[in-house]
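Protein chains in written order, with this note's numbering: chain C, 1 to 196; chain E, 1001 to 1196.
Note that the Cβ used here is the ideal one computed from N, Cα and C, for glycine as well.
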DNA sequence: CTTGACAAACTAATGATATTAGTCTATAAT
DNA sequence: ATTATAGACTAATATCATTAGTTTGTCAAG
């Protein structure tokens, strides 16, 4: 199955994920990755398409893992409970895998908007969120708006947190829960009868 | 004041800002910057502390400009009107200056947590937001929570938008206004009598 | 068991980049 | 005019990504 030193794409990407999470995505280099894996830099090209390829593969890994976690978090729950659980799971993922998460947000779509696998992974993520929001009986446009809003809230909080943006160390968890609840209140109001 | 080819720190940073906004912060190199300014790369070291220095200076520039815009947007307004105007101004800044904004969020604080000027600029920004939120009569902890929440909402939406995260091109402006209003509703509810 | 094909490692080479050290010179102050 | 210096320069080094071409395990067929 594997020859020589037994290196394949998955092994390479997993090592890249660890480095990116530990040192930051910007600090991820093929040189560091190769050293970590005990090979010379050019050998990596047998498994990944250079540094951009690693970035793309990390994005795909991250989107899939995120989908899996959100799906798991929402199982057996509905309504506010499901949304809160998803929000927590999303934030946890960003905290545990800041480098991989950064790759999912970064430009790979802008570089190649026609990447099928990436598109599919994003659609999958969106589908999970919309499925949970379905409980609120929103119309289609409202649901899209709500999904964007929820993602903005959670993404915004988690990335500011990861960047060290909340200087005061007090009650960060409570701030997050509060914000998510505020969002849910607005959602309930909307489903009752939209206002502007 | 300026000798030779008339290059000073401000000129260098302004050129860096243009490049970062046009091509992305990640694509900003000293080589490109030097070419743009008509000098050799090492000459830049007379004005900035290498690439990390440029990044830091961009962050400072961005924080100050953001403060100025938010302050201007809120002048003569109060309550919801002021918050909505600030949110719009924040989002506009991210759209117009994605590279500079990215620098303000990025890790420079993590690299040097004791940078006085950066700290001061961040405090200034926070002060403006808290001043606008003062109209809601929140307690101190509530106000901090609200400021974090507002920033998360606006930052999250704006950065996802900048990253091309909203695939469907429909009514992005409306989505943003809706989300901001949802936040404000939650805020009003809180000031009436906190819930969890 | 031998052998041939191939995947996966390697070396070598190139070009871009950041950074430091040291030089040269136009300009500003004396 | 003279001189000190800021601000430009050249030269040199180190790191990195990437490509081209070579070598060598390993697997499978004979």
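The Cβ of residue 1086 of chain E sits no closer than 9 Å to any Cβ of chain C. For residue 1041 of chain E, no alpha helix (DSSP H) segment is defined, and its DSSP state is neither H nor E. In terms of Cα proximity to residue 1062 of chain E, the closest of E:1010, E:1012, E:1093 is E:1093.
At a C-beta separation below 8 Å, residue 185 of chain C has these neighbours in chain E: 1182, 1185, 1186, 1189.
Residues of chain E whose Cβ lies closer than 9 Å to the Cβ of residue 160 of chain C are, in chain order, 1105, 1148, 1151, 1152, 1155, 1156. With respect to the 9 Å criterion, residue 158 of chain C and residue 126 of chain C are not classified as neighbours on the basis of their beta carbons.
At a cut-off of 9 Å, the C-beta of residue 1115 of chain E has no neighbouring C-beta in chain C. Bounds of any alpha helix (DSSP H) do not take in residue 1170 of chain E, whose DSSP letter is neither H nor E. Proximity of chain E to residue 55 of chain C at the Cβ level (cut-off 7 Å) is not reached, the minimal Cβ distance being about 10 Å. Look at residue 166 of chain C here: in three-state DSSP terms it is coil, with no helix or strand label.
At a cut-off of 9 Å between beta carbons, residue 96 of chain C makes no contact with chain E. DSSP places residue 1017 of chain E in the helix class (H, G or I) of the three-state scheme. The way I'd put it, the stretch 18-29 of chain C does touch the stretch 97-107 of chain C; three or more beta-carbon pairs between them come closer than 8 Å. Restricted to the stretch 67-140 of chain C, the alpha helix (DSSP H) segments that are unbroken, complete and at least 4 residues in length are 79-96, 98-105, 108-111, 116-133, listed in chain order.
Cβ neighbours of residue 1070 of chain E within its own chain (closer than 6 Å, five residues either side excluded): 1086, 1089, 1128.
At least one beta carbon of chain C lies nearer than 9 Å to the beta carbon of residue 1179 of chain E. Per the Cβ contact rule, the stretch 129-145 of chain C is not in contact with the stretch 46-61 of chain C (fewer than 3 Cβ pairs under 8 Å). Chain-order list of chain E residues neighbouring residue 43 of chain C: empty, with the shortest C-beta distance near 26 Å, by a criterion of under 8 Å. At a cut-off of 9 Å between beta-carbon atoms, residue 1145 of chain E makes contact with chain C. When rounded, the separation of the alpha-carbon atoms in residue 1041 of chain E and residue 81 of chain C is 56 Å. Its Cα nearest to that of residue 1073 of chain E, the residue E:1131 stands out among E:1114, E:1131, E:1050, E:1185. Interface annotation, residue 170 of chain C: in contact with chain E, CB-CB separation under 9 Å. Sorting E:1009, E:1139, E:1033, E:1083 by C-alpha distance to the C-alpha of residue 1048 of chain E places E:1009 at the top. Using beta-carbon distances, residue 35 of chain C does not count as an interface residue toward chain E, since no partner is under 9 Å. The criterion of a C-beta distance shorter than 9 Å is satisfied by residue 1033 of chain E and residue 1015 of chain E. For residue 67 of chain C, the closest Cβ of chain E is not nearer than 9 Å.
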